[in-house]
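Straight run, no breaks: the sequence shown in numbering that gives the first Met the number 0 ends on number 310. Every residue gets a Cβ at the ideal spot worked out from N, C-alpha and C, and that includes glycine. A quick note: this is a predicted structure, and the numbers were derived from the prediction, not measured.
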Amino acid sequence: MAKTKYPISKEFFPFNKFAPPMSRRFVQLAQMGMKTPKFLWKDPQLNVQSRMIPGYQGSEIEVLILTPNRLTKPAPCLVHIHGGGFVFEGSGSHFKLAMAYAKEARCKVVYVRYRLAPKHPFPVPQEDCYAALCWVYDHADELAIDRNRIGVTGDSAGGTLTVTSCMMARDRGAKVNPLFQLLVYPWLDGRNNSESYHRYTDTPMWNSTLSRKVGPIMNPDPSSTPLAYRSPAEADSHAALPPAYVEVAEFDCLHDDGVLYTKLLRDAGIPVEFHEARGTMHGFDTVFRAPTSQKMIAKRIAFIKRMFEEK
(Lines of atoms letter the chains of each structure in order from A and count residues from 1; the text may use other names and numbers.)
(Lines give C-alpha, C1' and ligand atoms only; values in the text may rest on other atoms or scores of the structure.)
Protein backbone atom coordinates (compact mmCIF):
# COMPACT_ATOMS: atom_id res chain seq x y z
CA MET A 1 0.00 0.00 0.00
CA ALA A 2 1.28 3.43 -0.91
CA LYS A 3 2.02 6.01 1.73
CA THR A 4 -0.39 8.89 2.16
CA LYS A 5 2.15 11.67 2.64
CA TYR A 6 0.92 13.58 -0.42
CA PRO A 7 -1.91 16.14 -0.10
CA ILE A 8 -4.22 14.26 -2.45
CA SER A 9 -7.86 15.28 -2.19
CA LYS A 10 -10.02 13.13 0.09
CA GLU A 11 -12.63 12.94 -2.67
CA PHE A 12 -10.57 10.12 -4.19
CA PHE A 13 -10.80 7.85 -1.13
CA PRO A 14 -10.11 4.89 -1.00
CA PHE A 15 -8.07 4.96 -4.21
CA ASN A 16 -5.85 7.67 -2.76
CA LYS A 17 -4.34 4.99 -0.51
CA PHE A 18 -3.92 2.14 -3.00
CA ALA A 19 -1.17 1.00 -5.33
CA PRO A 20 -1.30 -2.40 -7.05
CA PRO A 21 1.40 -5.00 -6.55
CA MET A 22 3.36 -5.60 -9.71
CA SER A 23 4.74 -8.92 -10.83
CA ARG A 24 4.33 -11.12 -13.87
CA ARG A 25 2.05 -13.48 -11.90
CA PHE A 26 -0.14 -10.66 -10.58
CA VAL A 27 -0.51 -9.29 -14.09
CA GLN A 28 -1.58 -12.69 -15.41
CA LEU A 29 -4.18 -13.11 -12.65
CA ALA A 30 -5.49 -9.57 -13.10
CA GLN A 31 -5.88 -10.06 -16.84
CA MET A 32 -8.20 -12.99 -16.18
CA GLY A 33 -10.73 -10.83 -14.34
CA MET A 34 -10.61 -7.31 -15.77
CA LYS A 35 -12.57 -7.51 -19.03
CA THR A 36 -15.31 -4.87 -19.16
CA PRO A 37 -18.48 -6.60 -17.87
CA LYS A 38 -21.34 -6.64 -20.36
CA PHE A 39 -23.82 -5.22 -17.85
CA LEU A 40 -22.00 -1.89 -18.23
CA TRP A 41 -22.99 -1.86 -21.89
CA LYS A 42 -26.63 -1.33 -21.00
CA ASP A 43 -27.55 2.32 -21.33
CA PRO A 44 -30.85 3.53 -22.80
CA GLN A 45 -29.01 6.37 -24.54
CA LEU A 46 -26.45 4.16 -26.30
CA ASN A 47 -26.12 1.20 -28.60
CA VAL A 48 -23.00 -0.91 -28.03
CA GLN A 49 -21.78 -3.31 -30.70
CA SER A 50 -18.83 -5.70 -30.48
CA ARG A 51 -16.75 -6.27 -33.62
CA MET A 52 -13.66 -8.34 -34.30
CA ILE A 53 -11.24 -6.54 -36.59
CA PRO A 54 -7.75 -7.24 -38.00
CA GLY A 55 -4.95 -6.31 -35.64
CA TYR A 56 -1.20 -6.59 -35.97
CA GLN A 57 0.07 -9.34 -38.31
CA GLY A 58 -3.45 -10.52 -39.09
CA SER A 59 -4.51 -11.42 -35.55
CA GLU A 60 -7.99 -10.30 -34.52
CA ILE A 61 -8.76 -7.78 -31.80
CA GLU A 62 -12.10 -6.66 -30.40
CA VAL A 63 -13.51 -3.17 -30.63
CA LEU A 64 -16.68 -1.93 -28.96
CA ILE A 65 -18.60 0.63 -31.00
CA LEU A 66 -20.70 3.04 -28.92
CA THR A 67 -23.39 4.96 -30.79
CA PRO A 68 -25.66 7.50 -29.06
CA ASN A 69 -29.35 7.46 -29.97
CA ARG A 70 -30.47 9.77 -32.77
CA LEU A 71 -26.90 10.60 -33.79
CA THR A 72 -26.56 12.75 -36.90
CA LYS A 73 -24.89 10.90 -39.79
CA PRO A 74 -22.16 10.84 -40.88
CA ALA A 75 -21.00 11.22 -37.29
CA PRO A 76 -17.71 12.26 -35.76
CA CYS A 77 -15.78 9.43 -34.14
CA LEU A 78 -13.48 9.16 -31.14
CA VAL A 79 -11.07 6.21 -31.03
CA HIS A 80 -10.67 5.44 -27.31
CA ILE A 81 -7.53 3.62 -26.12
CA HIS A 82 -7.64 2.58 -22.46
CA GLY A 83 -4.72 2.71 -20.06
CA GLY A 84 -3.38 -0.01 -17.79
CA GLY A 85 0.40 -0.04 -18.02
CA PHE A 86 0.27 -2.08 -21.24
CA VAL A 87 -0.57 -5.10 -19.08
CA PHE A 88 -4.06 -4.49 -17.63
CA GLU A 89 -7.36 -4.70 -19.46
CA GLY A 90 -9.54 -1.61 -19.53
CA SER A 91 -11.64 -1.30 -16.39
CA GLY A 92 -15.25 -0.35 -15.86
CA SER A 93 -14.13 3.22 -15.24
CA HIS A 94 -12.53 3.35 -18.70
CA PHE A 95 -15.78 2.20 -20.27
CA LYS A 96 -17.76 4.76 -18.26
CA LEU A 97 -15.52 7.45 -19.71
CA ALA A 98 -16.09 6.15 -23.22
CA MET A 99 -19.84 6.23 -22.60
CA ALA A 100 -19.66 9.79 -21.27
CA TYR A 101 -17.67 10.96 -24.28
CA ALA A 102 -20.16 9.37 -26.68
CA LYS A 103 -23.25 10.78 -24.99
CA GLU A 104 -21.99 14.25 -24.11
CA ALA A 105 -19.88 14.96 -27.20
CA ARG A 106 -22.49 13.36 -29.50
CA CYS A 107 -20.03 11.14 -31.34
CA LYS A 108 -19.39 7.51 -32.02
CA VAL A 109 -16.71 5.99 -29.81
CA VAL A 110 -14.63 3.02 -30.93
CA TYR A 111 -13.21 1.45 -27.77
CA VAL A 112 -10.11 -0.60 -28.64
CA ARG A 113 -9.30 -3.82 -26.78
CA TYR A 114 -5.69 -4.14 -27.90
CA ARG A 115 -3.56 -7.11 -26.87
CA LEU A 116 -1.49 -6.94 -23.70
CA ALA A 117 1.94 -7.85 -22.35
CA PRO A 118 3.46 -10.14 -21.21
CA LYS A 119 1.95 -12.39 -23.89
CA HIS A 120 1.95 -9.54 -26.39
CA PRO A 121 4.77 -7.08 -25.59
CA PHE A 122 5.89 -4.11 -27.68
CA PRO A 123 5.26 -3.45 -30.53
CA VAL A 124 1.95 -5.38 -30.50
CA PRO A 125 -0.10 -2.79 -28.52
CA GLN A 126 1.15 0.05 -30.72
CA GLU A 127 0.45 -1.82 -33.94
CA ASP A 128 -2.97 -3.05 -32.78
CA CYS A 129 -4.10 0.49 -31.99
CA TYR A 130 -2.78 1.86 -35.26
CA ALA A 131 -4.59 -0.95 -37.09
CA ALA A 132 -7.81 -0.01 -35.28
CA LEU A 133 -7.43 3.65 -36.27
CA CYS A 134 -6.93 2.68 -39.91
CA TRP A 135 -9.88 0.26 -39.74
CA VAL A 136 -12.18 3.03 -38.54
CA TYR A 137 -11.14 5.21 -41.48
CA ASP A 138 -11.42 2.41 -44.02
CA HIS A 139 -14.90 1.39 -42.77
CA ALA A 140 -16.21 4.92 -42.27
CA ASP A 141 -19.05 4.52 -44.78
CA GLU A 142 -20.23 1.28 -43.19
CA LEU A 143 -20.02 2.83 -39.71
CA ALA A 144 -21.66 6.11 -40.80
CA ILE A 145 -18.56 8.03 -39.68
CA ASP A 146 -17.21 11.29 -41.07
CA ARG A 147 -13.66 10.47 -42.21
CA ASN A 148 -12.59 14.05 -41.62
CA ARG A 149 -13.68 14.02 -37.98
CA ILE A 150 -11.81 11.16 -36.33
CA GLY A 151 -10.05 11.95 -33.04
CA VAL A 152 -7.98 9.71 -30.76
CA THR A 153 -7.85 9.66 -26.98
CA GLY A 154 -6.14 7.64 -24.28
CA ASP A 155 -5.03 7.74 -20.67
CA SER A 156 -1.69 6.65 -19.22
CA ALA A 157 -0.44 3.80 -21.45
CA GLY A 158 -3.41 4.60 -23.67
CA GLY A 159 -1.90 8.06 -23.99
CA THR A 160 1.28 6.48 -25.31
CA LEU A 161 -0.74 4.47 -27.81
CA THR A 162 -2.73 7.52 -28.84
CA VAL A 163 0.48 9.37 -29.69
CA THR A 164 2.10 6.39 -31.42
CA SER A 165 -1.04 5.86 -33.52
CA CYS A 166 -0.84 9.49 -34.66
CA MET A 167 2.90 9.20 -35.32
CA MET A 168 2.48 5.98 -37.30
CA ALA A 169 -0.25 7.58 -39.41
CA ARG A 170 2.11 10.49 -40.14
CA ASP A 171 5.23 8.41 -40.71
CA ARG A 172 3.57 5.76 -42.88
CA GLY A 173 1.59 8.14 -45.04
CA ALA A 174 -1.73 6.68 -43.95
CA LYS A 175 -5.01 7.88 -45.41
CA VAL A 176 -6.29 8.63 -41.93
CA ASN A 177 -5.26 11.99 -40.50
CA PRO A 178 -6.54 12.24 -36.91
CA LEU A 179 -8.25 15.51 -36.12
CA PHE A 180 -6.83 15.66 -32.59
CA GLN A 181 -5.08 13.72 -29.83
CA LEU A 182 -6.52 13.89 -26.31
CA LEU A 183 -4.09 12.68 -23.66
CA VAL A 184 -4.81 12.09 -19.99
CA TYR A 185 -1.79 11.65 -17.67
CA PRO A 186 0.14 10.08 -20.59
CA TRP A 187 3.27 7.93 -20.39
CA LEU A 188 5.58 9.41 -23.04
CA ASP A 189 9.22 9.57 -21.97
CA GLY A 190 11.02 6.23 -21.76
CA ARG A 191 14.16 7.80 -20.30
CA ASN A 192 12.43 7.84 -16.89
CA ASN A 193 14.62 10.63 -15.63
CA SER A 194 12.25 13.54 -15.01
CA GLU A 195 11.87 15.38 -11.72
CA SER A 196 8.38 13.94 -11.17
CA TYR A 197 9.62 10.42 -11.95
CA HIS A 198 12.27 10.70 -9.24
CA ARG A 199 9.93 12.44 -6.78
CA TYR A 200 6.82 10.26 -6.93
CA THR A 201 8.16 6.81 -6.13
CA ASP A 202 5.32 5.78 -3.81
CA THR A 203 2.21 7.69 -4.88
CA PRO A 204 -1.07 5.75 -4.93
CA MET A 205 -2.53 4.10 -8.04
CA TRP A 206 0.74 4.40 -9.98
CA ASN A 207 4.31 5.48 -9.28
CA SER A 208 7.83 5.19 -10.64
CA THR A 209 8.57 2.09 -8.55
CA LEU A 210 5.74 0.26 -10.30
CA SER A 211 6.81 1.73 -13.62
CA ARG A 212 10.28 0.24 -13.26
CA LYS A 213 8.78 -3.17 -12.50
CA VAL A 214 6.45 -3.20 -15.48
CA GLY A 215 9.09 -2.02 -17.97
CA PRO A 216 10.70 -5.43 -18.59
CA ILE A 217 7.23 -7.02 -18.87
CA MET A 218 5.86 -4.65 -21.49
CA ASN A 219 9.09 -4.13 -23.44
CA PRO A 220 11.51 -7.03 -22.93
CA ASP A 221 13.32 -6.34 -26.22
CA PRO A 222 13.63 -2.58 -26.86
CA SER A 223 15.27 -3.23 -30.22
CA SER A 224 11.96 -4.65 -31.50
CA THR A 225 10.29 -1.23 -31.49
CA PRO A 226 11.50 2.05 -33.03
CA LEU A 227 12.44 4.59 -30.37
CA ALA A 228 9.66 7.03 -31.29
CA TYR A 229 7.02 4.33 -30.77
CA ARG A 230 8.23 3.28 -27.31
CA SER A 231 9.27 6.74 -26.10
CA PRO A 232 7.38 9.37 -28.14
CA ALA A 233 9.12 12.26 -26.40
CA GLU A 234 12.36 11.08 -28.01
CA ALA A 235 11.02 11.10 -31.57
CA ASP A 236 13.13 12.98 -34.10
CA SER A 237 10.19 15.21 -35.00
CA HIS A 238 6.90 16.26 -33.42
CA ALA A 239 5.82 18.29 -36.44
CA ALA A 240 2.75 17.44 -38.51
CA LEU A 241 0.97 15.82 -35.56
CA PRO A 242 -2.64 16.64 -34.63
CA PRO A 243 -3.62 19.43 -32.23
CA ALA A 244 -3.61 18.16 -28.67
CA TYR A 245 -5.30 18.29 -25.31
CA VAL A 246 -2.85 17.27 -22.57
CA GLU A 247 -3.97 16.71 -18.98
CA VAL A 248 -1.64 15.77 -16.12
CA ALA A 249 -2.25 14.79 -12.51
CA GLU A 250 -0.43 16.83 -9.87
CA PHE A 251 1.03 13.97 -7.79
CA ASP A 252 2.05 11.60 -10.56
CA CYS A 253 5.40 10.26 -11.68
CA LEU A 254 4.22 10.88 -15.26
CA HIS A 255 3.38 14.54 -14.60
CA ASP A 256 6.48 15.81 -16.39
CA ASP A 257 5.92 13.53 -19.40
CA GLY A 258 2.82 15.55 -20.25
CA VAL A 259 4.59 18.85 -19.57
CA LEU A 260 7.50 17.89 -21.83
CA TYR A 261 5.25 16.65 -24.63
CA THR A 262 3.28 19.88 -24.50
CA LYS A 263 6.52 21.85 -24.96
CA LEU A 264 7.69 19.60 -27.80
CA LEU A 265 4.41 20.03 -29.66
CA ARG A 266 4.31 23.79 -29.15
CA ASP A 267 7.92 24.10 -30.29
CA ALA A 268 6.85 22.24 -33.46
CA GLY A 269 3.97 24.67 -34.00
CA ILE A 270 1.23 22.29 -32.87
CA PRO A 271 -1.64 23.85 -30.84
CA VAL A 272 -1.98 22.37 -27.35
CA GLU A 273 -4.57 22.85 -24.62
CA PHE A 274 -2.86 21.98 -21.33
CA HIS A 275 -4.43 21.30 -17.93
CA GLU A 276 -3.09 20.20 -14.54
CA ALA A 277 -5.60 18.49 -12.26
CA ARG A 278 -4.65 19.80 -8.81
CA GLY A 279 -4.83 17.56 -5.76
CA THR A 280 -4.93 14.42 -7.87
CA MET A 281 -2.95 11.25 -8.42
CA HIS A 282 -2.56 9.06 -11.48
CA GLY A 283 -5.85 7.45 -12.39
CA PHE A 284 -7.88 9.87 -10.27
CA ASP A 285 -10.88 9.72 -12.60
CA THR A 286 -11.38 6.09 -11.59
CA VAL A 287 -13.48 7.84 -8.94
CA PHE A 288 -15.80 8.93 -11.70
CA ARG A 289 -18.23 10.99 -9.60
CA ALA A 290 -15.61 12.93 -7.63
CA PRO A 291 -16.05 16.69 -8.22
CA THR A 292 -12.55 17.11 -9.62
CA SER A 293 -13.03 14.14 -11.94
CA GLN A 294 -16.27 15.60 -13.23
CA LYS A 295 -14.63 18.99 -13.75
CA MET A 296 -11.76 17.53 -15.76
CA ILE A 297 -14.02 15.22 -17.77
CA ALA A 298 -16.13 18.26 -18.66
CA LYS A 299 -12.99 20.02 -19.95
CA ARG A 300 -12.16 17.02 -22.14
CA ILE A 301 -15.69 16.85 -23.52
CA ALA A 302 -15.66 20.59 -24.27
CA PHE A 303 -12.42 20.12 -26.22
CA ILE A 304 -13.83 17.15 -28.16
CA LYS A 305 -17.01 19.02 -29.05
CA ARG A 306 -15.11 22.12 -30.12
CA MET A 307 -12.74 20.16 -32.34
CA PHE A 308 -15.57 18.26 -34.01
CA GLU A 309 -17.72 21.35 -34.45
CA GLU A 310 -14.93 23.50 -35.89
CA LYS A 311 -14.09 21.03 -38.64
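By the criterion of at least three beta-carbon pairs nearer than 8 Å, the stretch 177-184 is not in contact with the stretch 104-111. Annotation: Y113 is outside any beta strand (DSSP E) and is labelled neither H nor E by DSSP. For the beta strand (DSSP E) assignment, the uninterrupted runs of no fewer than 3 residues enclosed by the stretch 201-272 are, from N- to C-terminal side, 243-250. Looking at the DSSP output, N46 shares a beta bridge with T66. H281 carries a coil assignment under DSSP once its states are collapsed to helix, strand and coil. Assignment of beta-bridge partners to C76 by DSSP yields K107, I149.
Under the three-state reduction of DSSP, V123 is assigned to helix.
Here R114 is buried: its Cβ has 16 or more other Cβ atoms, across all protein chains shown, within 10 Å. Cβ-Cβ distances below 6 Å link G189 to R229, S230 in the same chain, with the five nearest sequence neighbours on each side left out; the list follows chain order. For E249, the CB contacts under 7 Å within the same chain, skipping 5 residues up- and downstream, are E275, A276, R277, G278, T279 in chain order. Apart from sequence neighbours up to five positions away, the residues of its chain that approach T261 with a beta-carbon distance below 6 Å are V245, V271, F273, ordered along the chain.
The three-state reading of DSSP puts P177 in coil, since its state is none of H, G, I, E or B. Where Y199 is concerned, there is no enclosing alpha helix (DSSP H), because DSSP gives it neither an H nor an E. M51 and P215 have their C-alpha atoms spaced approximately 29 Å apart. Only residues of its own chain outside the window of five on either side were considered, and among them A239, L240 have a CB closer than 7 Å to the CB of R169, listed in chain order.
The beta carbons of H281 and Y184 sit closer together than 7 Å. Between V247 and H254 the beta-carbon gap is near 5 Å, inside 8 Å, which marks them as a contact. With respect to M166, A227 sits close: the two C-beta atoms are nearer than 7 Å.
DSSP places S58 outside any alpha helix (DSSP H), giving it a letter other than H or E.
Taking L187 as reference, the option from D140, L70, G172, T161 with the minimal CA-CA separation is T161.
For I300, the secondary structure class from DSSP, reduced to helix, strand or coil, is helix.
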